[in-house]
Structures are given as structure tokens and as C-alpha cells.
Amino acid sequence: MKLLNFLTSRKTNAVLLAVALVLSFAGQWANRLQPQFFLYRTWWFSGLIILIALNSTACSVKRLVRPEDGPAQYNDIRFVVAGDGDTEKISEKLRRLFAKAGYLVTGDAGSRWVARKGKIAIWGSVLFHISFSIAGLGIILNNLFGMSGAMAIPVGHAVVEEHDAYVGKVWEGAFFDESHAGFSIYVDNLRPEFRYGNKSFSALEGHVLLKNKEGGSLSQPIRPNKGITFCGRKIMLGNFGAAPVISVHFNGTERWRSIITLAAGGKTGPPLTFYDTVELPQTPVLAKIRIYPEAESKSGQWLSRSLLLKNPVMELELWEDSNLLKKGFLKPGEALALPSGLAVKFEAVRYYGFFNVSFLPGLWVMYAGLFLGAGGLIITLLSDYRVITVEKGSQNGQQVLVVSGWAYHYKNSLAGLIRNILHAFEYKEDNLAKG
1 MKLLNFLTSR KTNAVLLAVA LVLSFAGQWA NRLQPQFFLY RTWWFSGLII
51 LIALNSTACS VKRLVRPEDG PAQYNDIRFV VAGDGDTEKI SEKLRRLFAK
101 AGYLVTGDAG SRWVARKGKI AIWGSVLFHI SFSIAGLGII LNNLFGMSGA
151 MAIPVGHAVV EEHDAYVGKV WEGAFFDESH AGFSIYVDNL RPEFRYGNKS
201 FSALEGHVLL KNKEGGSLSQ PIRPNKGITF CGRKIMLGNF GAAPVISVHF
251 NGTERWRSII TLAAGGKTGP PLTFYDTVEL PQTPVLAKIR IYPEAESKSG
301 QWLSRSLLLK NPVMELELWE DSNLLKKGFL KPGEALALPS GLAVKFEAVR
351 YYGFFNVSFL PGLWVMYAGL FLGAGGLIIT LLSDYRVITV EKGSQNGQQV
401 LVVSGWAYHY KNSLAGLIRN ILHAFEYKED NLAKG
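Numbered by UniProt numbering, the letters in the sequence shown go through residues 1 to 435 in order.
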């Protein structure tokens, strides 16, 4: 019984929703501090969503089975009918009068009965509560079977199966299984369009080739805010950057080659350079790289006129521990060498696209829950739901009938109606709540 009361309690519903809201905000900050931590994908957060869904469903069922147990308990309006005669006859006459006024009357005239009007508000309330269950189901489906990732993919390269050097961070649900393996995104082209003196881009368009393990493919242009849906995945192009190709040589032998996706950044003005720090494999050396896409030299300083890759120059600093070993400016094909025989070569540079990829099987279920919740809330707020209870009681040793009323809106109007119906009887006001 305690468990049933817990599940059907509105206070429980309010507390659980408040906890989920606080945890959601906390999860945003936790993800910023630790990118690999996804609060919403944890088992215990999924358990909290399931508990909210169970509580909302139980509240809805309770409202349908015993709707009078909800609002009637507030007793906003209360009259005491002191009947000198038979209270059962008075009660029966009241039943007929309320029924004539358009109320749905249920219960036993000899003990306690309820008159209700505007029952559509109950359905609005039920829809509102059920919406939490439906939205929660969508969240659970996403958590268990979905995935999402942030990927920086250079032109001429592909990401396969969401496990690649170009993947920033990816989460996968517990049951996101091998049936999704073999999916790839190949960036065939990326073209920023520049205006305003070529200092900032005004449009961005790319072309991608999508494949799955069954052999299906899709070749299509892509623009920011206009995603592509393929095999249930949503692919969005967010931004672009510069990705230089560098190689590491030792005594003339190439030891390592890679393409580096740099972050945009500038000390002043628009981000006309791209910068990052890279640990060179198999060496204690740290490389600090800055790309000037369209470089020009003024007064001994390199500047970048635009983000167009017309005349790229790499600023390269080689560090070991806290010591600067060497610094230089390189054009494609040039290298910066150290006395130890180590050399870092600037091979080429190309654009990369920053893509957001997601597979959320419960997304539309979640949206359906939100729309149902909004609809239920509107129905509830616009409906004038009224509940009147009549039950036997005693006062000063005399049998009386206690008439209580509750309304979503127009409480004074309901009080006036009850007065009009009771005017044929001798009654006195025990309490009339304002509001």
C-alpha cells in the first residue's frame, strides 16, 4: 500500500521532476569538464526516467478511476446544510437538482456522492501526466539504442564506424550493436564562400558520400542547418577549419605522417588563423602549430588576409619540456630541422568540416510526448472542471449534510450556483474560501 501511495502521489511526481531538472543542468556542466561523461546515458539516470514514467502513469490511472479523490479534497467551497427532516431525502433532492443542472452524479445518496462537470479537464490532466511517460520512453530508447558524435573530417578523408582519429567524442547506447557497423562519412569537397573583403565567410557548402555495410550509399551536398538523414542517422555540418598534413623525419627517414584538424583562433579580430598543440609520436617533442591560410608578411610579421587557402604559411614551434628548441615559418614542402636529426615537414593543408552525427530512435517518441503534454496542459487550463461532494456529518449533535465544492476556474461562480441550489433548504455557511 505504501508503494502504491508513493507511485500515485503528486508530491512524488513534483520531487522526481525537480531532481531530474537539477541533474540535467548538472550534467551539462559535468560534460564540459569531462567530455567523455554523459549523465543522460547512465543506468541510474535512465532508472530515474523510468520511475518518473511509472509515477506519471499511476497518477493518470488514479485520476481516471477515482477523479473525485483529487480536487475534492481541497474543499475550496464548503457549506453545511442543517436539515430538520430526513437528510437522505434532502440528499436525494440535491442529487436531482445537480443532475438537472448538467452535472454527472455518482455515488450513494445515503452516504457520499459526487457531482462532476467539465470532465474533459480530467482527460487533459491525464494526457499531461501520460506525456511524461511517453517522453521518458523516448529518452530511454535514445539512451539504450542511440548514439551521437562530434567529428572533424578533412576533405578527402572518411570516418568509419564512429571509431576514428577524426572523432572528437562519441557516446553509444548499451544496445547500439554491431548491426550499425560499416557506416562511413566521406567528405568529397568543402567550399566556404567569402564576402566582405574576404575576411569572413558568408556561406558554406560541402559534398559528402555516405555508405552502410549493406552497400547502400548516398552522395549529396550538405549545408549548415540543413542536415542529411541516412540509415536513421542525422548528419549536420557545423563549421570548417584548416587541417595541415605534417610528417616527422629522423636522419632523412620518414617516421610519422598525419593530418591535424586545428581549432580556429586569433589574438585580435576575427579568427583568421588556426591553432593547436600536437605531441609528436616516438619523440619527447611538442609541436605548436598555427596556420595562416592566406598569409602575407608585413614589417617582419606574418598576417592572414582571409581564410582562403591561397598562400598558406605554417608557424611551427618545437618544444621539449618547457624549452623552446626552434621556431620557424614554413610554406608547403618546407621543413624545420633540429640538430638531433629530427625534422618536421609541412606537406600540405586542406579544409575540414565539423560534423555532428546522431542516431536517436526515440526522438519522435519524445517529441510526441512533448506535444501531448502541451495539448493536455491547454485542455486542462481552458476547461472549467468542477467537483461537488455531498456527505453526511454531524454538528452539535445534529445530523447535517456537508456540501463541498472545487473548481479549476470561477470558484465564486460555483459558490453562487451551490447557494442557488441550496436556497430551498435551511443552511448556514461554515466556510467559503476566496479565490
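Here a beta-carbon is modelled for each residue, glycine too, at the ideal position from N, C-alpha and C.
With respect to the beta strand (DSSP E) encompassing residue i, which residues constitute its N-terminal and C-terminal limits?
i           : result
K100        : Counting along the chain, K100 falls outside any beta strand (DSSP E), though it belongs to the alpha helix (DSSP H) covering T87 to K100.
residue 477 : No information on residue 477 is available, as it lies outside the stretch 1 to 435 that the chain covers here.
L218        : S217 to I222
F240        : R233 to F250
G405        : Q398 to A407
F274        : F274 to E279
G393        : R386 to Q395
F230        : I228 to F230
E296        : A295 to K298
G107        : L104 to G107
K117        : R112 to K117
Residue i: buried (16+ other C-beta within 10 angstroms of its C-beta) or exposed?
i    : result
R116 : buried
G435 : Any answer about G435 is weak, because its pLDDT of 31 lies below 50 and its placement is not dependable; what the coordinates show is given next. When all chains shown are included, G435 counts as exposed.
F346 : buried
P312 : buried
R290 : buried
I104 : According to the sequence as given, residue 104 is Leu; it is not Ile. Classification of L104: exposed, given that the 10 Å Cβ count is below 16.
S56  : buried
E193 : exposed
G252 : exposed
W44  : exposed
Y367 : exposed
Q73  : Because Q73 sits at a pLDDT of 49, beneath the cut-off of 50, its placement in the model cannot be relied upon, and the following sentence gives the value as read from the coordinates. By the 10 Å Cβ count, Q73 comes out exposed.
G373 : buried
S131 : buried
I418 : buried
P339 : exposed
Taking the straight line between their C-alpha atoms, what separation do you get for residue i and residue j?
i           : j    : result
G124        : L377 : 6 Å
G102        : G393 : 26 Å
M151        : F183 : 14 Å
S401        : E391 : In the sequence as presented, Ser is not what sits at residue 401; that position holds Leu. If you take the alpha carbons of L401 and E391, they lie about 6 Å apart.
G269        : T12  : Legend: pLDDT at G269 = 46, less than 50; position of this residue unreliable, value from coordinates given subsequently. So the alpha carbons of these two residues sit roughly 52 Å apart.
G300        : R223 : 39 Å
A121        : I388 : 15 Å
A415        : L51  : 39 Å
F145        : G173 : 5 Å
P281        : W256 : 7 Å
L204        : L382 : 46 Å
L16         : N5   : 15 Å
V245        : G328 : 17 Å
N225        : N239 : 10 Å
T273        : A348 : 16 Å
L336        : V19  : 56 Å
residue 444 : V155 : The structure shown has nothing for residue 444, since the chain only spans 1 to 435.
P284        : L325 : 11 Å
G241        : H129 : 46 Å
G110        : N142 : 54 Å
G397        : L370 : 54 Å
L330        : H157 : 24 Å
V160        : W171 : 15 Å
H207        : G118 : 57 Å
K267        : L286 : Any reading at K267 must be qualified, since the residue scores a pLDDT of 44, below 50, and its modelled position is unreliable; the value itself is stated next. Roughly 21 Å between the two C-alpha positions.
Is there at least one non-hydrogen atom of the ligand SAM closer than 7 Å to the beta-carbon of residue i?
i    : result
P192 : Because no ligand of any kind appears in the structure shown, any question about the ligand SAM cannot be addressed here.
What are the boundary residues of the alpha helix (DSSP H) that includes residue i?
i    : result
I289 : Run containing I289: none in the alpha helix (DSSP H); it sits in the beta strand (DSSP E), V285 to Y292.
Y367 : L363 to L382
I260 : Counting along the chain, I260 falls outside any alpha helix (DSSP H), and DSSP gives it neither H nor E.
S131 : I120 to F145
Given 8 Å as the limit, is there contact between the region 234–250 and the region 352–363, that is, 3 or more CB pairs closer than that?
Yes: at least three Cβ pairs fall under 8 Å.
Which runs of the beta strand (DSSP E) spanning at least 3 residues fall entirely within the region 301–352, listed in chain order?
Segments of the beta strand (DSSP E) lying fully in the region 301–352: 301–304, 313–320, 323–330 and 335–337.
Contact the region 128–145 vs the region 185–194: 3+ CB pairs below 8 Å:
No contact exists between the region 128–145 and the region 185–194.
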